[in-house]
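Undergrad: Position one of the sequence shown corresponds to residue 13 (our numbering), numbered consecutively onward.
Here it is: the structure, laid out below.
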Amino acid sequence: MIKKGILFLAISLCSGMTSAQQTIGLFMNTPEALDGYTLFGPQNSYNTYLINNCGEKVHSWTSQYLPGLSSYLLEDGTLVRTGRVTGMGGGSGIVEILDWNSNVIWSHSVSATHGRQHHDVEMLPNGNILLIVWDERTQMEVDQAGSSTSNASINSEQIVEIQPDLINGGATVVWEWKAWDHLVQDADNLKDDFGVIADSPERIDINFLNHGSTDWLHINGVDYNAEFDQIIVSVHNFSEFWIIDHSTSLADASGSTGGTYGQGGDILYRWGNPQAYDQGGFMDQKLHLQHHTHWIPSGLPDAGKIILFNNQVGSTTDYSTVNIVELPVDPNGFYTYTGGSFGPADFDWTYQAAVPSDFFSNIISGAERLENGNTLICEGVGGRFFEVDPIGTTVWEYINPVNDLGPMAQNTVPSSNNVFRCSRYSSNYAGLTGQTLTPQGYIESGSTFTCDLYPSTASLELLEGNEIQFFPNPSSDQLTILGANFKKDTDIKVFTLLGERISPPVFIVNEEEILIDLSKLKNSVYFVKIDNGLNSNTIKVTVNK
């Protein structure tokens with residue numbers, strides 16, 4: 013167990029490294045950070061790195077391709093990664109699966125001139141993969157669709173599901189959805205899909221923000237909800253996300269009927285910018301060229317809600333935010349819509365820097381909710397990763413030390429070190445089981461600081477000069493607090509994130525042990541305040557069932 017003085021010293025050795033000379037690598041590690049490993053692929057490197065919370069490399073993979081742009085560590089220990097064969101707008105073109113030793117298990121090219129995979133992929137539970145693929149439309153098609161511009165052609169988008177052939181290589185297309193099949197326009201009643209935009213929120217206005225650029229929609233992220241069999245896409249140029257039905261047949265996906273939700277491939281739900289379907293103005297817009305829009309996975313605090321990186325929020329000052337949106341959805345996956353703009357009216361949770369302009373990335377970037385209720389953020393431009401607790405306090409921080417020339421030296425002013433996204437995998441993640449994770453030193457050269465790793469099995473606080481320990485954290489049914497001087501009149505209060513006091517059963521077993529029954533609490537983060545009449549302390553506990 014760690015004495016308080018030693019704990020503060022350990023934190024200062026990590027967070028106090030922020031001298032004028034330090035420019036890259038680890039800037040902060042505290043016991044409040046989720047114990048685990050962070051995966052990231054610098055945009056200008058052929059390597060994908062896995063680091064511990066001290067910023068030490070524990071593993072890396074090497075590909076013949078630069079990132080294009082996402083990568084994921086799977087539960088079987090393999091790495092699925094996109095590779096870049098073009099530099100245009102997130103263009104990728106190669107999807108590959110690497111084993112732990114960087115051997116290519118499978119790869120597939122989706123790089124036809126008019127149908128290139130780009131940005132992101134999503135692994136499905138059955139082993140298939142969702143791809144974002146350009147869908148080029150000719151000038152004749154654009155004109156017939158009622159476009160009010162004189163585009164020679166435009167790149168629409170499609171979501172393609174492929175079934176990898178792990179034996180022979182390549183893949184088979186088993187499902188697809190095309191945005192082009194779900195258009196509406198009010199410019200020409202003699203052209204296709206003529207209608208009233210405001211009455212057609214389930215369809216896509218061909219003329220919204222179509223100002224002649226070939227990159228019309230620019231979808232930059234895809235995610236899958238297995239419970240509802242739905243897909244979410246982040247539509248960058250519309251500043252919206254859309255949710256569509258994956259249960260449809262190929263035929264139904266191109267129409268407006270069929271599937272579990274009866275709407276075929278039409279949009280089930282959309283949010284972020286009601287101007288896109290003529291149901292609001294600029295002041296109603298909530299999203300601004302967002303990235304990494306995805307469902308918070310089951311079992312985590314705020315599961316089922318949407319988390320995203322909101323890139324260009326400020327209208328007069330550049331700044332970014334991370335936001336969570338609670339969807340108006342019933343247990344069967346149907347969304348509440350009564351006309352006008354889709355709800356909710358505002359975000360459920362927001363992270364914004366105390367000085368807003370201190371946190372800004374105009375492109376790329378991402379965020380994810382962690383098991384302990386914290387949020388991991390990738391400020392993509394400049395390659396800054398940091399973890400914040402539910403009230404926005406930074407508990408871990410790191411800057412990517414790799415650029416197009418390789419690892420940089422400490423004290424070097426970082427450049428060309430952008431990162432599309434990063435992910436944290438807990439120390440008990442299935443994909444890490446049995447793997448060698450011995451620290452191999454810092455990626456950058458010239459870093460000489462020391463750092464302590466803090467296991468997540470217990471957290472430490474101080475109460476009237478005595479150590480106390482509470483575990484497990486995260487917890488599912490019962491929290492045990494061990495320490496000293498717990499009198500029968502010790503006051504114990506439990507609060508939600510919003511400060512609401514709740515009253516789970518509390519048992520003071522003796523002067524050294526307290527038990528709190530968490531079995532009736534929902535998955536979330538809670539604060540437990542302990543007051544023995546002489547001193548008080550508050551600890552943070554995550555309930556994760």
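The beta carbon of each residue, even a glycine, is placed where N, CA and C say it ideally should be.
None of the values given here were measured: they were computed from a predicted structure.
Below 7 angstroms between beta carbons: does that hold for V92 and I106?
TA: Not in contact: V92 and I106 (Cβ atoms no closer than 7 angstroms).
Undergrad: What is the rounded straight-line gap between the Cα of G67 and the Cα of Y58?
TA: Using only the alpha carbons, I get a separation of about 19 angstroms.
Undergrad: Would you kindly check if the distance between the Cβ of S168 and the Cβ of A199 is under 7 angstroms?
TA: Contact flag unset, no.
Undergrad: Given Q422, which residues of its chain have a CB within under 6 angstroms of its CB, disregarding the five upstream and five downstream residues?
TA: E456, G458 and S459, listed in sequence order.
Undergrad: Excluding the five sequence neighbours on either side, which residues of its own chain have a C-beta within less than 6 angstroms of the C-beta of R396, listed in chain order?
TA: Here the set comprises I411.
Undergrad: Which partner residues of A421 appear in the DSSP bridge assignment?
TA: Bridge partners of A421: S457.
Undergrad: Count the other CB atoms, across all protein chains shown, that sit within 10 Å of the CB of Q76; report buried if there are 16 or more and exposed otherwise.
TA: Q76 should be labelled exposed.
Undergrad: May I ask you to verify whether the stretch 196 to 213 touches the stretch 238 to 251, counting CB pairs closer than 8 angstroms and requiring at least 3?
TA: No: fewer than three Cβ pairs fall under 8 angstroms.
Undergrad: For T643, list the residues DSSP reports as bridge partners.
TA: For the chain, the structure presents residues 13 to 557; residue 643 sits outside this window and is missing.
Undergrad: Report the residue from S225, P451 and H303 whose alpha carbon sits nearest the alpha carbon of V431.
TA: Looking at the Cα atoms, H303 is the closest of the given residues.
Undergrad: So is T550 buried or exposed if we call it buried at 16+ other beta carbons inside 10 Å?
TA: It is exposed - the Cβ of T550 has fewer than 16 other Cβ atoms within 10 Å.
Undergrad: Would you call the stretch 263 to 271 in contact with the stretch 224 to 235, where contact means no fewer than 3 C-beta pairs closer than 8 angstroms?
TA: Too few Cβ pairs lie closer than 8 angstroms, so no.
Undergrad: Please tell me whether V334 and I389 are closer than 7 angstroms, where the distance is taken between their beta carbons.
TA: It is a contact, given that the beta carbons lie within the stated cut-off.
Undergrad: DSSP state of E173, grouped into three classes?
TA: Strand.
Undergrad: Spatial neighbours of V537 within its chain, please: C-beta separation below 6 angstroms, excluding the five flanking residues on both sides.
TA: The residues are P313, G385, P402, L509 and T554.
Undergrad: Out of curiosity, what's the CA-to-CA distance linking N478 and I318?
TA: Residue placement at N478 is flagged as unreliable, the pLDDT there being 49, under the threshold of 50; the coordinate-derived value follows with that caveat. About 41 angstroms.
Undergrad: Using a Cβ-Cβ cut-off of 6 angstroms (strictly less than) and excluding sequence neighbours within five positions of I231, which residues of its own chain qualify?
TA: Closer than 6 angstroms at Cβ, skipping near neighbours: I144, E169, V245 and V247.
Undergrad: If we ignore side chains and look at the alpha-carbon of each, how far apart do S31 and I174 end up?
TA: Annotation note: pLDDT 42 at S31 (below 50); position unreliable, coordinate value reported separately. In a straight line, the C-alpha of S31 is about 49 angstroms away from that of I174.
Undergrad: For S471, collect the residues of the same chain with a Cβ closer than 7 angstroms to its Cβ; drop the 5 residues on either side in sequence, then sort them by chain order.
TA: In this predicted model, S471 has a pLDDT of only 34, less than 50, meaning its place in the structure is not dependable enough to derive any value.
Undergrad: Would D204 and Q156 qualify as a contact pair, given that the criterion is a beta-carbon distance under 7 angstroms?
TA: Yes, the pair counts as a contact, with Cβ atoms nearer than the cut-off.
Undergrad: Span of the beta strand (DSSP E) holding A199?
TA: No beta strand (DSSP E) contains A199, which DSSP labels as neither H nor E.
Undergrad: Report back the beta-carbon spacing between T424 and T74 to the nearest angstrom; my notes put them in contact at under 8 angstroms.
TA: No, T424 and T74 are not in contact; Cβ-Cβ is about 23 angstroms, not under 8 angstroms.
Undergrad: Quick check on the burial criterion: 16 or more other C-beta atoms within 10 angstroms. Buried or exposed for A183?
TA: Result: buried.
Undergrad: Could you give the distance in angstroms between the alpha-carbon of P286 and the alpha-carbon of T90?
TA: Between P286 and T90, the C-alpha separation is close to 40 angstroms.
Undergrad: Checking 7 angstroms against the spacing of the C-beta atoms, do G80 and T94 come in under that value?
TA: Contact flag set, yes.
Undergrad: Can you give me the C-alpha to C-alpha distance between L339 and T305, rounded to a whole angstrom?
TA: Cα to Cα, the separation comes out at about 13 angstroms.
Undergrad: Relative to the C-alpha of L280, which residue among L301, N522 and D257 is closest?
TA: Checked all of L301, N522 and D257; the closest Cα to L280 is D257.
Undergrad: Please return the same chain residues whose Cβ sits closer than 7 angstroms to the Cβ of R381, not counting the five positions on each side in sequence.
TA: Once the five neighbours on either side are set aside, the close Cβ partners of R381 are I308, L312, P313, D314, I319 and T387.
Undergrad: For V540, which of V393, L491, K534 and T406 has the nearest alpha-carbon?
TA: With distances taken between Cα atoms, V540 lies closest to L491.
Undergrad: When we look at the beta-carbon of D111 and count the other beta-carbons within 10 Å, is it buried (16 or more) or exposed?
TA: Flag for D111 reads exposed.
Undergrad: Which runs of the beta strand (DSSP E) fall wholly inside the stretch 215 to 302 and span at least 3 residues, in chain order?
TA: With a minimum length of 3 residues, the continuous beta strand (DSSP E) runs that stay inside the stretch 215 to 302 are 231 to 237, 242 to 247, 252 to 257 and 281 to 283.
Undergrad: Just to confirm my understanding: we take V435, look at its own chain, exclude 5 residues before and 5 after, and list those with CB closer than 6 angstroms. What are they?
TA: Reading off the sequence shown, one finds Ser at residue 435, where the question assumed Val. Only L51 meet the Cβ criterion.
Undergrad: If I measure Cβ to Cβ from W228 and keep anything under 7 angstroms in the same chain, skipping five residues before and after, which residues do I get?
TA: I166, N167, S168, N222 and N249, listed in sequence order.
Undergrad: May I have the straight-line CA-CA distance separating V400 from N140, to the nearest angstrom?
TA: Taking the straight line from one Cα to the other gives about 33 angstroms.
Undergrad: What residues in its chain sit with their C-beta under 8 angstroms from that of K69, if we drop five residues either side in the sequence?
TA: Same-chain partners within the cutoff: Y61, L62, I63, P451, Q452, G453, Y454 and I455.
Undergrad: Candidates V185, P176 and I218: which alpha carbon is nearest E153's?
TA: Checked all of V185, P176 and I218; the closest Cα to E153 is I218.
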